[in-house]
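Quick notes on the structure that follows.
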Amino acid sequence: MNHSSHTQASSPSSELTMKSYRKLPTRMTHAPGPHGEEEEEEEEEGSEPGSPAAKKTLFLRWQYLGAVVIVGAALLGGTFWAISVRRLPVKSPGKCISVPESQRFDCYPERDTVVTPELCQKRGCCFLQSNSQGGPPWCFYPPDFPSYTLKTLNRTELGFLGVLMRTVKTYYPHDVLELQLQVDLETDTRLHIKLTDPNNSRFEVPLEVLPAMKKAENPLYSLDFSRDPFGILVKRRGSGVVLLNTTVAPLIFADQFLQISTVLPSEFLYGLGEHRHGFLHHFNWTTLSFWARDVPPTESYNLYGVHPFYLSMEEAGSAHGVFLLNSNAMEVVLQPAPALTWRTVGGILDFYIFLGPDPSSVVQQYQQVIGFPTMPPYWGLGFHLCRWGYGGSEQTWQTVKNMRNYLIPQDAQWNDIDHMEGSRDFTVDPHHFGTLPQLVMDLHKHGQYYVLILDPGISSSQATGTYAPYDEGLKKGIFINNTHGQTLIGQVWPGLTAFPDFSNPETHQWWLENLNLFHARVPFDGLWIDMNEPSNFKDGSVDGCTSGELDNPPYKPAVLGGSLFAKTICASAKQSLSSHYNLHNLYGLMEAKATASALIAIRGKRPFVISRSTFPSQGRYSGHWLGDNRSEWKDMYWSIPGLLNFNLFGIPLVGADICGFSGTTTEELCTRWMQLGAFYPFARNHNTKDVKAQDPAVFSPPARAAMKEALMTRYALLPYLYTLFHHAHRRGDTVARPIFFEFPQDTNTYALDRQFLWGRNLLVTPVLEPGVDTVIGYFPSGLWYDYYTGSSLQSQGEKVKLAAPLNHVNVHIREGAVLPTQKPDVNSWMSSGNPMLLVAALSQEGMAWGDLFWDDGESLDTFERGNYSYVVFNVSQNIFTSMVLRCNLEAIYIIVDGLTIYGVQKQPQVVTVNGQEIPFSYLENQVLRMSGLNLNLSRSFSIKWI
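All residue numbers for the sequence shown refer to the numbering used here, where the first residue is 286 and numbers rise by one.
Listed below in C-alpha cells is the structure:
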C-alpha cells in the first residue's frame, strides 16, 4: 500500500465558503416513538436561556460550538434510532469574538510561518490577537468552517457503516473528499471508530487484533452522530459523561494532513508518550510530537518511542482510554477547554475507545487490542550492571568479582559497544575483549547471565569479503534502499552504515543467522537493541534526501530538528512493506520482534530483550529502558513518570539507568538512586565512558551497605514481583502502578508521581532531593504497615513526613495484603531455592489475600502449557490458609519457613499449624511471627491463632 495515493475528486470551488445559520424553530422531530409515530417537543413558553427546559431543547440542537445534531444513534435495546432534524442557516454576528479562548482550535499550526490576518483569512479562519504568551492561537476556526457531511449511515452486524462527503476543499493538498466511516461496537467496553479513503489504499499499521465476532449487547457507551457538519458524540451510559465529541472543530482528511479534535471530560489526562514530563499532562496549549528520535531525554522533545494512547479520568473516579492506531509523524495539542487535537501526516484515523470503567480495566482493555506483554525470565528481574567504557573483558570481569566479594546481588553483566571490533555488530575486539567468552562461561558457572548490545547500523565501508553480515545482507537484499533502489547509506558508530529492513521477513532470517553464529563464540543470554529509531549521525543519508513530499510533507509536525529526516534516515527510503515515512515509528518494534524470535530459536528459552525505541504492542517482545539520562537529581525524579507511563503502554519491564548515564554521579545521589532503582521493574545501573565508575562496589562502606540493603530487599520481594509480571502477561495488569489506579475516588492521588505502587499492595516513597533525611509521602485512606517493622500507620488520606536516613528507603504494605517473599541471596537462582517467608498485613477487619505464581523461571509458555504452580493465600477469622490451586515440580523443592502477620490486635495464646501447636513471638507493635515452619509450598496448609 502507498501512503501517497491521492483522491482526485473535483469540487465546485477551490475557495473556502462560509456557512450561515438561522435560528431553529421551536418544534423539532425526534426519534420514532415505540409505536412508530414521530414525537415532537416544544420549548416551554417563557423558559429563560439556561433554564432546564431551554437547556434540554438546546442540547438537541447544538454540539458545543454551534454544530447541529442531525442524526442520533442510541443503543436502546439494541435498536438504532435515527433523529431527523431540519438544518437551517443561523445568522452568527461576531462569530469569532464569541468563541472563548479556551475553545479556539488552531487553524494555522505551521511553526515556520508568522501568521498574519491575511494568511489566516485566506484559510477562511478567524484572526484575533491574544495577550497570553504561549496561549490560544491567533488564527482559529470559526463555528461554521466547512467540514464533512454524513451522507449515509447503515447498520452492520457489528455497528454502522457510513459515507462522509466534503464539497469544499481545505487548504492542504489532495483532500480526500469522500470518506468511509466504520463504527464497530466490539465489546461492552470497547468501541472501534475508523475513517478511511474508500477509493484509494492507504497505509495501515500491521497490528493483528482479534476481530470481534458479534456486536456488543450491553455497551457502557451510547453514540450520537452529527450529520452536517459531521461529528461523533460518545457518552458513558449511566453518568452521561461525554467522552468524545468531535464536533468542536472541523475534521480534515487530506493525503498528508489528518486532523480531528475532541473535548475531554476533565484535565486529568495521562499517557501520550514518549516524552519527558510529569505523569499528569497540562492543558496550557501544550503540543506533544510523536516521531521516534535519538536524543537524550529532554523536556518538550519527541523522544525514542511513540505511543498514541491516553487515559482520562472522569468525575466520580471512572476512567476511559483512547488509542489512535497510526504510525505516521503526529502531534497532539492539549488546550484548556479541556480539549485535544490529533494531527498526523499519513495513514488513516483508526480509533479504539476503552470504557474501563476503572483505570486498571482501561489498560487491560487496551492490551487486549495491542497484545499482552511477554513473561520475562526470572533472572531478568534481578540486578543488572553495565557501562560504556570498562576498557576490556578483564576489567568487566573484575567488576563482577568485586560485586561477588561484597556479596552484593547481581544477576546479569552487560557490555556496551566497546566490546566490538570497530563498533561492528557480531564482532569482538580481540585486543581488549579477547577473554569475553571465558567471562561469560564464568558468569554461567555462578548462576549469572550475560547481555550484549546490538545497533541496527551495519558497517558498509570495509573491503568486500571482510565483513560477512554486510556482504550477505547485500546479496539477500535486506537493507533499506533510497528512492533510486540503491542501499541507503548513513553514518553511525562504525562509520558508514546500511540499515536492515525489519519489515522484510528475509531480514529476520539474516538477523537470526548472524546472531546464531555469534552466539557460538559468545553465548549471550539476552540482547540490548539500541539506536533503533533508527539513529543516523547524518540527516537522511550521506547523499541527503529528496525534495519530494515524503521528505518534505506539506505540513511538518513539531519534531526536533524541524524535519522528518533529522538524525535519522530519509522518510522517502524504501522498505519492503512501505516507505519509511510510514514505517519509521515501527522500526524499533520490528527489530524487537526479530530479536525476540531469534533468541527463542537460539536458546529455546524465554527471550530477554531491552529496546530503546518502542511502539504499541512492543511489550510482547521486549522491555524498555528510558534512555541516556543524566546523573542529576531531576533525572531521578523524571524516571518515575517514565515507569508509570510505560506500564500504561503495556511495557511493564521498564527502568532508567540507575545513577544516571552521562555525567559523574555523587555518592549521595547514587545511593538514593539505587534505593529507587531497586524498585524499578527492570533494574540496571549503567553509565558512560570517561567518567567515574558507579557500580556499588566502588563506593564507601556506608554507601555500599545501603545499596546492598536496597538490593536485598528487591531480591526478597522477587516472588511477589514475578507474580505481578504473571498477571501483566495473563491479563494486562500494571506492575509499577500509579497510586490513583487503586484509589480512583481520591482526587488527591491524581497528580502523584513521586511515589508509586508495586501492584496494589506495596507503596514506595523514595527520597528525590539532596541533603535530606526525611521524605513526605501521601497515604490514601486506610491502614498501612511499614514493610520492615510492621508498625502501622492509619491515614485519612493525608501527607505524612517519614524518616529517611541515607541507608533507608520507605516501603509500606497496604492493609489486606499477603506478600510472598524469599530469603535473598547473591543472585535470583540462589534466592529462588531459599525458604519462603510470607508476610500478611491485616485489614481493619482482620482479613488479607495474596497469591504466588511459580515456575522454572525460564521455559517458554509455562502458563499456556500448564507447567506452573499457583498458590492463593487468605486470612480470615484468625486463620491463615495456603491453598494450592495448581502444582508442578518446581514447587516441591520450596519450603515455607516463616509467616509474619502485621496488625494482630491481641496477643495470641496458642498458634497451631494444621492443628499442631507451634512456638511464636508477638511484638508490641502488633506483629505476630512464626519461624521454622518447614512447610512444603506444594501442599496446602492452615495456621490458626487464638
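Cβ coordinates follow ideal geometry from the N, Cα and C atoms, glycine included.
Own chain residues within Cβ distance below 6 Å of residue i, not counting five before or after
i        : result
Trp-1230 : Asn-1163, Pro-1193, Val-1196
Ala-988  : Glu-952, Thr-956
Gln-465  : Thr-481, Pro-483
Leu-1220 : Val-1181, Phe-1226
Asn-930  : Gly-558
Ser-336  : Below a pLDDT of 50, predicted positions are generally treated as unreliable, and Ser-336, at 37, falls in that range; the measurement from the model is reported next regardless. Cβ neighbours of Ser-336 beyond the five flanking positions: none.
Leu-871  : Ser-612, Phe-900
CA-to-CA distance, residue j to residue i, given in whole angstroms
i        : j        : result
Thr-441  : Ile-1180 : 58 Å
Gln-1030 : Ser-1128 : 19 Å
Val-827  : Asn-837  : 18 Å
Met-875  : Leu-862  : 11 Å
Leu-1218 : Arg-1016 : 34 Å
Trp-699  : Leu-737  : 6 Å
Phe-967  : Pro-662  : 12 Å
Val-1052 : His-562  : 19 Å
Leu-938  : Gly-409  : 49 Å
Val-1169 : Tyr-1007 : 17 Å
Ile-765  : Ser-907  : 23 Å
Ala-858  : Phe-1158 : 56 Å
Glu-403  : Asn-416  : 20 Å
Leu-549  : Thr-572  : 16 Å
Leu-1213 : Tyr-1187 : 7 Å
Val-453  : Leu-739  : 51 Å
Ser-1223 : Trp-1139 : 10 Å
Asn-821  : Asp-815  : 12 Å
Ala-881  : Met-598  : 35 Å
Phe-564  : Ala-1001 : 29 Å
Glu-834  : Ile-774  : 21 Å
Residue range of the beta strand (DSSP E) that includes residue i
i        : result
Gly-927  : Counting along the chain, Gly-927 falls outside any beta strand (DSSP E), though it belongs to the alpha helix (DSSP H) covering 918-933.
Met-1215 : 1212-1215
Ser-882  : First-last for Ser-882: 872-888, but that is the alpha helix (DSSP H), not the beta strand (DSSP E).
Val-777  : 775-777
Asn-587  : Note, Asn-587: premise wrong, no beta strand (DSSP E); not H, not E.
Ile-814  : 811-814
Cys-671  : 668-672
Ile-478  : 475-481
Nearest to residue i (by Cα), restricted to the options the options
i        : options                              : result
Leu-536  : Tyr-555, Lys-520, Val-519, Ser-511   : Ser-511
Thr-745  : Leu-1006, His-716, Val-777           : Here residue 745 turns out to be Ser, not Thr, going by the sequence shown. For the residues Leu-1006, His-716, Val-777, the minimum Cα distance to Ser-745 belongs to Val-777.
Gln-467  : Ile-478, Tyr-457, Thr-474            : Ile-478
Arg-389  : Asp-429, Leu-404, Asp-1058, Asn-1159 : Asp-429
Gln-649  : Glu-679, Glu-994, Leu-933, Ile-1098  : Leu-933
Cys-671  : His-704, Tyr-1178, Glu-599, Asn-821  : His-704
His-769  : Val-490, Cys-855, Ser-432, Val-591   : Cys-855
Trp-682  : Asn-817, Pro-621, Tyr-735            : Tyr-735
Ala-1102 : Ile-887, Thr-831, Thr-1185           : Thr-1185
Ile-545  : Pro-779, Gly-556, Ala-1001, Val-533  : Val-533
Glu-917  : Phe-984, His-1011, Pro-1055, Leu-476 : Pro-1055
Ala-982  : His-716, Met-992, Phe-1041, Glu-1149 : Met-992
Terminal residues of the alpha helix (DSSP H) in which residue i lies
i        : result
Trp-958  : 952-962
Asn-801  : 790-806
Ile-1024 : 1024-1027
Ser-678  : 678-690
Arg-440  : Counting along the chain, Arg-440 falls outside any alpha helix (DSSP H), though it belongs to the beta strand (DSSP E) covering 434-440.
Arg-255  : With the chain covering 286 to 1231 only, the question about residue 255 has no answer from this structure.
Distance cut-off 7 Å: residue i Cβ against heavy atoms of the ligand HEM
i       : result
Glu-876 : The ligand HEM is not part of this structure, which contains no ligands at all.
Same chain, Cβ closer than 7 Å to residue i, five either side skipped, listed in chain order
i        : result
Pro-808  : Val-725
Asp-786  : Ile-763, Phe-764, Ile-765, Thr-792, Gln-860, Ser-861
Pro-1065 : Ile-1024, Phe-1028, Asp-1031, Thr-1034, Ser-1080, Gly-1082
Min CB distance residue i to chain D below 8 Å
i       : result
Ser-744 : In the structure shown, chain D does not exist; there is a single protein chain.
Contact set for residue i: own chain, Cβ-Cβ below 8 Å, skip 5 residues either direction
i        : result
Thr-292  : Confidence is the limiting factor: at Thr-292 the pLDDT is only 34, short of 50, which leaves the residue's position unreliable, though a coordinate-based value still follows. His-459, Asp-460, Val-461, Leu-462, Glu-463, Asp-482, Asn-484, Asn-485, Asp-540, listed in sequence order.
Glu-1202 : Val-1195, Val-1196
Met-1115 : Gly-732
Arg-522  : Pro-504, Leu-505, Tyr-506, Ser-507
Glu-798  : Glu-757
Could I get the ranges of all uninterrupted alpha helix (DSSP H) runs contained in the segment 1088-1134, with 4 residues as the minimum, in chain order? 1113-1117
Taking only runs of the beta strand (DSSP E) that begin and end inside the segment 601-657, which ones reach a length of at least 3 residues, in chain order? 604-609, 615-620, 624-629, 634-639
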